[in-house]
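*Asks:* For reference, the structure I am asking about is given below.
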Amino acid sequence: MQDTHNKLKRYFILMAVFLLIFANFPVISTMAATDIPEVDGYQGVYYSDFGDTEELSPENWGFTTFGANLSIHDEDIAGNDSPKLEFNVLDQSGGRVATKELDPEVMGKQILVSFDWYPGIVNDKGDHLYENGGEFRIADSEGKTIFTLNSTNKEPITYFAGKNEPQSTSFTDQEAWYSISVIFNLATNAVTLEMKNQATNVKETYQSSLDEVDFDGSVSILRLVGIRTSGNNLTWTTYLDNVGIYHVPINDNTITSIPALPYQRVYVGETTEDITSIGLPEIIPVALADHTTVDAPVQEWKPVDKDWNPNEPGIYEFEGTIAESEAVDNAFNRKGTVFVYNRLTPPETNRATEWLDRGVIALQSDDGIFVSWRLLADEYGKDVTFNIYRDGKKLNKQPLNVTNFTDKNGTLNATYKVETIVNGKPSEQNEVMVEKKDYLSLPLQKPSGGTTATGNYTYSANDASVGDLDGDGEYEIILKWRPSNAMTALEDVITGPTIFDAYELDGTMLWRMNMGMNLTSGPQYHQFVVADMNSDGKSEFLIKTADATTVYGATDGKYDNNKVISVIGNAEDDGKWINEGGHVVDGPEYISVFDGETGEAIDTIDFAFPVEKEEGDQGASWGDTFYNRSDRFLSGVAYIDGEKPSAIYGRGYYERTAFAAYSLENGELIEDWTFDSDEAGRGGGLGNHNLATGDVDNDGFDEIIAGSLTLDHDGSILYAMDGEMGRVAGSHGDALHVGAFDPNREGLHVFGVRESSEVASLEYHDGATGETLQAFYAYKDAGRGVAANITSRPGYEFWGTGGSTVETGGGVYSVQGDVIADSFRNIGLPVNFVTYWDGDLLNELLDGTRISKYDEKSGSVNVMESFEGVVSNNGTKANPTLQADILGDWREEAIYPTEDSSELRIFSTTIPTEYRLPTLMHDSVYRMGIAWQNTTYNQPPHLGYYLGEDIREKVLSNDLDLPEVDYTPNLAAIKHMTNLEITKQNQKVLLKKLKQVEHHLNKERPAQAIKHMRGYLKHLERSSFTQTIKSKLKQDAHALIKGWQNE
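Here it is in structure tokens:
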């Protein structure tokens, strides 16, 4: 791949030389300069009459599109029977774009874009307030739209500069040819529109200021854009003819624009009030009229809008005045802009974390019996080692530092014991028997099917999540059963009800929840949260419910429909609130939280965002009136208070976008905050089919990354990908990856793909500021994308279904800016999940029921694991039921249902690893990723810290800087923490006291357990433990005592 990278470098060098040689040639066009029609006072640069006078080359004069049609039309259209460009969009569910890129861009004192446009009728639907429309747009070399003409049904043609408010012309006839001139005057910083109806000869002139328009002084892109509005698919045919771009030349050394400068990052408290302490650049690049870029000195930097405060975190804008110089001519008074991000240092987090046991697993492998077990987060970097025994015989000569072992002489009938050694002394022992197959089998109790008004249905096992539902340190699984007639939000089906089951890992059922007929079944519905919301050591289950949602219990681990545990709302109203298409149209909508162990409802409150904003509006506020965009839900988990997890639940992301945060306090659901793009006035249409959470700004609280929209921990907008402040414009998207992807850039980073063909198809940005670091434009709906660490170079790589070239997003890219491969497609890289499976620190690629590995040396992809007898979920999404580190060492398990949904199979790696790492589940970014993995378009989890082979020595030396954990109150956790701190013989009395507590609890004598726990507290106070440890242990012990007193 290095050869490919070098070739690409040579290509760009040759192109730069070419531009330098030909930069002073004033005319670069498909026509000779003498063939371009003359315009007084201007010099022609580009022109096309689309084949009137000579054969057109390239095809369609270089206009390209995706999902629509471009052609040359030579039949009569309103009196124009010459060849012309036809752009046709037929019944599309999204806007479609035709794009012409001008290379090089056009610059000058004035720039004229002239063309003939036949807007054409756009389809509409009913009496919508805003109808479908079509636009002609002009953009600069940075891709920013600087001028737009809009033709919308039942409205006058409008125009606007940048993002200014549209202004109306007097022209209303969409089936007429207009002669149009758009003149950009850089001297006066204004744009003039001249428009004439060719049939009536009516001519009008309009002028707008460019003062508030982010414009780099060039014209680089022409676009025809279809605009789809509420409830409409788009059908549109428009025509373009006689397009010319002219300019008034300027001196070659005139500064035409100043390229965007990267954000400058400093940390709070490391600078002074003197802005020179920031280290702002003394020299910056400037773009000249001869298409070269040179360095120019900055005379002075000044803050914009707010003064610099070295102790206040946030983004500060500075404006730089270019020093006078004979080398450059700054006739247009261009100024540099740099944003300084004054960042908080990484916080000392200590979040509520679930206590987990050793999670020992023993599987047969090609080399014998493979045994692996957990390392807990607070054991990392401490003197914690292990011994391993087979049937009582010790197998290792020296204590093991790693958490896996291959017994070459092991048998299927053996029993293995893992002994934990703390500070040289044995502390605990955990036994496990060898699984009889190369996976763990979890038998399922498949629900019976049924019949609705639209037909019969059966059930299949679908997505799942995990949590410690009973507080024993082992994970349980909550599984979603999907009826066979489940639908997408665009369909009309009376679906069978979705069902959830809670299982122990041995298949023992805890409870079953039937969501009822007032909730539609399908991938956009029934997003759910499994998390310990009240920090009692047991996970709760939160979900959107409705009248007749019912929980049933189990008898001897089997489903018992006679054992009704909970009923939400009015059971007699089951099915009352859906229409003939199966969509929720009215009635109460709830958020409910349930006890994860018993299924008992803890609390139910009204959902913050019902389908109708105003009574009878049929869900119109969400973007249509046929219950498509209103039926789009998301869920996740975030530490919005920095201490314990809260549930995040969202509705809508195509247009109106809304979220609510819920916490659980003293048995009551609390609505902490809501966000509504309608109320905020921005943020709509930027959500994804998925979300992620994490502390992006180092304030200790989690933010919600909802695609191109990021909400702060309090529900306000942290930033939106709006085309401002170094952030390219975003849109709704299908794939999202958030994690610590770059070891040279502290913090979390975001990679995603976008659905709108008008914005960047692939985009990578800083998680805290939204600053775009890389973006690729393919002018299409890019539906898939992946971020994964697959090479030994520093940093992750990313790729997605962009264009077919490196320049349009078809390659494999490093987050640090290198091109790894010209085409991800040619080397066969999957675009789905990523995982940790083999023994190195790189990601493997999980797609369907296979795991693949990128071979860095050969530049190829090889399948390393195929799971037989199981199926993936959700059609072409092909995701597992769940991917998570739920057993064994730090590598992940992949869980799939069998073809008949009779069991879940939990696959775990049997490849040895030399790396000692704590369970991934004790990293809060990863753990929250497991909680949101199931939402709508499933995405893989990522870590909140960086892993890669480039930091191999750091990992081997146990030198990773990992956040601390705060176990939720649990007797085993108190025993574990106490044992880690014991260094003196007389401190062992603490463990004896805890053993007595455990004994009395097992005998169901809570009063005696409380007595001995109080004895433990007395000895703890006299111990030499640090005050921090004492405080934590006392807090947890008192919490347990309080719970036992209430039993």
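When you read off a place in the sequence shown, starting at 1, and then add 6, the result is the number in our numbering.
By construction, the Cβ of each residue, glycine as well, lies at the ideal position given by its N, Cα and C atoms.
For the candidate residues Thr526, Ala167, Val366, Ala979, whose alpha-carbon lies nearest to that of Tyr212?
*Replies:* Ala167
*Asks:* Between Pro651 and Tyr952, how many whole angstroms is the CB-CB distance? I'm expecting something under 8 angstroms.
*Replies:* Between Tyr952 and Pro651 the Cβ distance is about 23 angstroms, and since that is not below 8 angstroms, they are no contact.
*Asks:* Alpha carbon to alpha carbon, how far is Arg271 from Thr151? Give it in angstroms, no decimals.
*Replies:* Taking the straight line joining both Cα atoms gives about 28 angstroms.
*Asks:* Considering just the uninterrupted stretch of the beta strand (DSSP E) at Tyr668, what are its terminal residues?
*Replies:* 664 to 671
*Asks:* Mind checking Asp311: buried by the 16 CB within 10 Å criterion, or exposed?
*Replies:* exposed
*Asks:* Looking at the strands, I want to know which residues DSSP matches up with Asp846.
*Replies:* None; Asp846 has no bridge partner.
*Asks:* Near Val33, what residues of its chain come up, given a Cβ to Cβ distance below 8 angstroms and the 5 sequence neighbours on each side ignored?
*Replies:* Reliability of the predicted coordinates at Val33 is poor, the pLDDT of 38 falling under 50, and no value is obtained from them.
*Asks:* Pick helix, strand or coil for Glu685, following the three-state DSSP scheme.
*Replies:* helix
*Asks:* So, Thr974 versus Gly543, is the Cβ gap smaller than 7 angstroms?
*Replies:* Cβ atoms of Thr974 and Gly543: closer than 7 angstroms.
*Asks:* In terms of residues, what are the limits of the alpha helix (DSSP H) holding Pro1012?
*Replies:* 1012 to 1028
*Asks:* Looking at the structure shown, is Val821 part of a helix, part of a strand, or coil, going by DSSP?
*Replies:* Residue state, collapsed to three classes: coil.
*Asks:* Just to confirm my understanding: we take Ser176, look at its own chain, exclude 5 residues before and 5 after, and list those with CB closer than 7 angstroms. What are they?
*Replies:* Pro162, Glu210
*Asks:* State buried or exposed for Asn985, treating a residue as buried only when at least 16 other CB atoms are found within 10 Å of its CB.
*Replies:* buried
*Asks:* Exposed or buried, which one is Leu691 when buried takes at least 16 other CB atoms within 10 Å?
*Replies:* Going by the sequence as given, residue 691 is Gly instead of Leu. It is buried - the Cβ of Gly691 has at least 16 other Cβ atoms within 10 Å.
*Asks:* Give me, in chain order, the residues of the same chain whose beta-carbon lies closer than 6 angstroms to that of Ala459; leave out the 5 immediate sequence neighbours on both sides.
*Replies:* Ile500
*Asks:* Look up Asn257 in the DSSP assignment and say whether it is helix, strand or coil.
*Replies:* coil
*Asks:* Do Ser545 and Gly473 come within 7 angstroms of each other at the CB atom, strictly closer than that value?
*Replies:* yes
*Asks:* Ends of the beta strand (DSSP E) at Ser378?
*Replies:* Run containing Ser378: 374 to 378, per the beta strand (DSSP E) assignment.
*Asks:* Do Leu715 and Ala726 have their CB atoms nearer than 7 angstroms?
*Replies:* yes
*Asks:* Please identify the residue among Gln991, His1018, Lys1009, Gln993 whose C-alpha is closest to the C-alpha of Val1003.
*Replies:* His1018
*Asks:* When the Cα atoms are used, what is the spatial distance from Thr351 to Glu276?
*Replies:* Straight-line measurement puts the Cα of Glu276 at about 10 angstroms from the Cα of Thr351.
*Asks:* Name, in chain order, the residues that DSSP records as bridge partners for Glu709.
*Replies:* The partner list for Glu709 (beta bridge, DSSP) reads Gly700.
*Asks:* Let me confirm a value: Leu962 is counted as buried when at least 16 other C-beta atoms fall within 10 Å, else exposed. Which label applies?
*Replies:* exposed
*Asks:* Spell out a yes or no on whether the stretch 527 to 539 and the stretch 611 to 621 are touching, meaning 3 or more CB-CB pairs, one atom from each, closer than 8 angstroms.
*Replies:* Fewer than three pairs of CB atoms, one per stretch, sit closer than 8 angstroms, so the stretch 527 to 539 makes no contact with the stretch 611 to 621.
*Asks:* Could you tell me whether the stretch 383 to 391 touches the stretch 451 to 458, using the rule of 3 or more Cβ pairs below 8 angstroms?
*Replies:* no
*Asks:* Mapping the DSSP letters down to three states, classify Ala978 as helix, strand or coil.
*Replies:* Ala978 falls in the helix class under three-state DSSP.
*Asks:* At the 7 angstroms Cβ level, is Tyr273 part of the contact set with chain C, yes or no?
*Replies:* Looking for chain C here will not work: only one protein chain is present.
*Asks:* Using a Cβ distance threshold of 8 angstroms, determine whether the stretch 830 to 845 contacts the stretch 989 to 1008, with at least three qualifying pairs required.
*Replies:* no
*Asks:* Going by Cα to Cα distance, which pick from Lys431, Asp46, Ala420 is closest to Asn393?
*Replies:* Ranking the options by Cα distance to Asn393, first place goes to Lys431.
*Asks:* Which term fits His79, buried or exposed, when burial requires 16 or more other beta carbons within 10 angstroms of its beta carbon?
*Replies:* buried
*Asks:* Name the residue from Glu60, Asn86, Trp67, Thr421 whose alpha carbon lies nearest to the alpha carbon of Gln435.
*Replies:* Thr421
*Asks:* Under three-state DSSP, which class holds Ala827?
*Replies:* strand
*Asks:* Examine the Cβ distances between the stretch 849 to 856 and the stretch 817 to 829 and report whether three or more of them are shorter than 8 angstroms.
*Replies:* Judged by pairs of C-beta atoms under 8 angstroms, the stretch 849 to 856 does not touch the stretch 817 to 829, as fewer than three such pairs exist.
*Asks:* In three-state DSSP terms, what is Ile281?
*Replies:* helix
*Asks:* Could you check if Ala794 is buried or exposed, using at least 16 other CB atoms within 10 Å of its CB as the buried criterion?
*Replies:* With 16 or more other Cβ atoms within 10 Å, it is buried.
*Asks:* Is it the case that the stretch 481 to 488 contacts the stretch 504 to 518, given that we only count it when at least three CB pairs across the two stretches are under 8 angstroms?
*Replies:* Between the stretch 504 to 518 and the stretch 481 to 488 there are three or more inter-stretch CB-CB distances shorter than 8 angstroms, so the stretches are counted as touching.
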